[in-house]
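Below is one structure; the comments refer to it alone.
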Amino acid sequence: MAGRFRQIQKKIESIRSITKITRAMELVAASRIVKAQHRLIQARPYARGIQEAIRELAGVSEVATEFPLLKPRDEIRTIGIVVITSDRGLAGSYNSNVIRHGVNLIREARAAGQGTKLYVVGKKGLSFFRFSNYEIANSWQGISDTPQFENAEELGGILVKDFVEGVVDEVKIAFTDFVSAGRQVPTLNTILPIRKEDVTPEPGKITPL
């Protein structure tokens with residue numbers, strides 16, 4: 035009887051320990067979410083400003099005819115596909131949804147007789163595409179927690195170079211649009227060539243896959 039009582043006590047203590055650990059993990063996760071939301075809110079005005087500037091440039095006929103990033107190709111032979119995932123797991127469908135849409139995009143391009151060039155951001159996406167034997171043109175890891183301007187500059191520079199030189203005829207990006215803590219929407223955008231109608235969506239509008 036005493037032995038049985040001790041077993042029950044140990045189970046109670048174990049449950050209490052698990053509860054404390056779980057609570058601590060919740061607090062850490064909540065803190066990270068708040069920090070991520072804060073960074074996102076800070077970045078949005080700059081993103082809107084850039085979008086507005088590009089939209090105005092795209093509306094000037096002289097620029098639209100001369101600027102190479104605004105010129106659509108007569109034929110789409112190769113599509114550049116950028117898939118953005120996180121570096122960590124335990125994110126529910128955050129990564130799997132984006133990866134699935136990236137795979138679907140590759141399959142659709144191949145079915146249409148088009149080539150693809152894959153650019154992957156994040157360890158989770160990189161692990162999946164490597165394991166699945168997809169050819170990866172460029173990849174980036176370890177930047178999802180604290181992305182820096184230099185990271186975007188490097189990625190953007192490679193995409194622009196490949197588009198201008200004709201390595202790819204179009205660039206699409208698959209990512210997760212953070213709407214709120216409870217809602218993240220897998221999204222697909224065409225970023226090259228730049229099209230005026232794609233630069234500034236309606237307020238509050240998102241483009242779900």
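First residue of the sequence shown? That's 35 in our numbering, and the numbers climb one at a time after it.
Each residue gets a CB set at the ideal place from its N, CA and C atoms; glycine is no exception.
query	result
Can you give me the C-alpha to C-alpha distance between residue 238 and residue 44, rounded to a whole angstrom?	Low confidence applies here, because residue 238 scores a pLDDT of 43, under 50, leaving its location unreliable; read the following figure in that light. Taking the straight line from one Cα to the other gives about 53 Å.
Nearest to residue 217 by alpha carbon, out of 127, 53 and 152?	127
Per DSSP, what kind of secondary structure is residue 228 in: helix, strand or coil?	coil
Less than 9 Å separating the beta-carbons of residue 115 and residue 207?	yes
In whole angstroms, what separates the C-alpha of residue 223 from that of residue 183?	20 Å
Considering only residues of the same chain and omitting the five flanking positions on each side of residue 243, which have a CB-CB separation below 7 Å?	Bear in mind that the predicted position of residue 243 carries a pLDDT of just 43, short of 50, making it too unreliable to give a figure here.
Kindly indicate the opening and closing residues of the alpha helix (DSSP H) around residue 173.	Counting along the chain, residue 173 falls outside any alpha helix (DSSP H), though it belongs to the beta strand (DSSP E) covering 172 to 174.
When the Cα atoms are used, what is the spatial distance from residue 143 to residue 149?	7 Å
Are there 16 or more other CB atoms within 10 angstroms of the CB of residue 159, so buried, or fewer, so exposed?	buried
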